[in-house]
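Taking it in order: structure first as structure tokens, then the write-up.
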Amino acid sequence: MSTPHDILCIGSVLWDVIGRSDRAMRLGSDVPGRIIRVPGGVAMNIAMALARFGLSPDLLTAIGRDPAGDELILAATVRGIGTGHVYRSEDLPTDTYMAVEGANGLIAAIADAHSLEAAGDKILRPLADGRLGSRETPYKGPIALDGNLTTQLLREIAVSPLFARADLRIAPASPGKAERLLPLLDHPRATLYVNLEEAGLLAHTTFDSSAQAAQALVAKGAHRVLVTNGGEDASMARHDMVLTQTPPPVLVARVTGAGDTFMAAHVAAEMQGVDEADALTEALNAAAQYVSGDTPL
């Protein structure tokens, strides 16, 4: 089994269509701004960030055999992201995400990840058929897994021997899909990356700080968890420690993809041997640079 990559990124890979304005917005606002179309999806955002940090990610996802899919494969390839194990569907279109952002943050978003959901466990075939692993010799490297997969597939992953030896790094796709990750909450090899709202949804309560949220998720069985809280604080917790830091203050130019950048920076730092405190610092700095608009897409 040849694995010329550093990490697998499993989940949504699609086109982001994002409208941004430098003005504060509310329901019904009609303001000038810019509309861009860029590669996106949680797995793709993480993969692109990992590539910027010098790693070689490989994708496990579903992409249509349509012009949008061909463009997306090319976009990944030129960014140094492996696509050799991507499931290319003949009858499912390439997925799309649409968002509107104002100076006051994300106003609204719609994720059309129906093709990824319809593909189901077909995207995981390389982990079972010997290309990346099998039930007898499961994949042993790091895996970034996102919550755009169906609840049923995430349940199967939680107990699957294919993931029994992997270093799982897990992120919800959005607060609306956070509870899909409940089957993986107590996975013994998982690190969970969530924001304060997502932590509350997983714990069925609300929290005032990232430290409080991180400790609560560990108490509910999480092996290790990182919780972000915008520009306020971020915490890492496991059963024997809690670490909290404050991100550097920046002017916010964009928000879509910030959490994925934070996760990728943290994973990259730990893969390069950085200790937990410095890894959290590097992740917060990378996320701050991203939301300020200083990091290229």
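Numbering (my numbering), first residue to last: 914 to 1210.
The C-beta atom is built at its ideal place from N, Cα and C for all residues, glycine as well.
When secondary structure is reduced to three states using DSSP, Tyr1203 falls in the helix class. Closest by C-alpha distance to Arg1001, out of Gly982, Ser1073 and Leu1019, is Gly982.
Contact holds between the region 1185-1205 and the region 1142-1159, because three or more Cβ pairs, one in each stretch, are under 8 angstroms apart. Distance from the CA of Arg992 to the CA of Ser1028, rounded to the nearest whole angstrom, comes to 23 angstroms. When Cβ pairs closer than 8 angstroms are counted between the two stretches, the region 1065-1074 is seen not to touch the region 960-968, the count staying below three. The alpha helix (DSSP H) runs lying completely inside the region 936-1012 and spanning 4 residues or more are 955-965 and 980-991, given in chain order.
From the listed residues Glu1092, Tyr1106 and Asp1099, the smallest Cα separation to Leu1115 is found for Glu1092.
With a threshold of 16 other beta carbon atoms within 10 Å, Arg1167 meets it and is buried. With a contact defined as Cβ atoms closer than 8 angstroms, Pro1085 and Gly1060 qualify at about 4 angstroms.
Here the region 943-952 does not lie against the region 1179-1189, with fewer than 3 beta-carbon pairs under 8 angstroms apart. The straight-line gap separating the alpha-carbon atoms of Val1107 and Thr1157 is approximately 14 angstroms. Taking one beta carbon from each stretch, the region 922-938 and the region 1006-1026 have 3 or more pairs nearer than 8 angstroms; the two touch. If you keep only unbroken beta strand (DSSP E) runs of at least 3 residues inside the region 1015-1054, you get 1018-1025. Annotation for Arg1078: Pro1051 and Lys1053 place their beta carbon closer than 6 angstroms to its own, counting only its chain and skipping 5 residues before and after.
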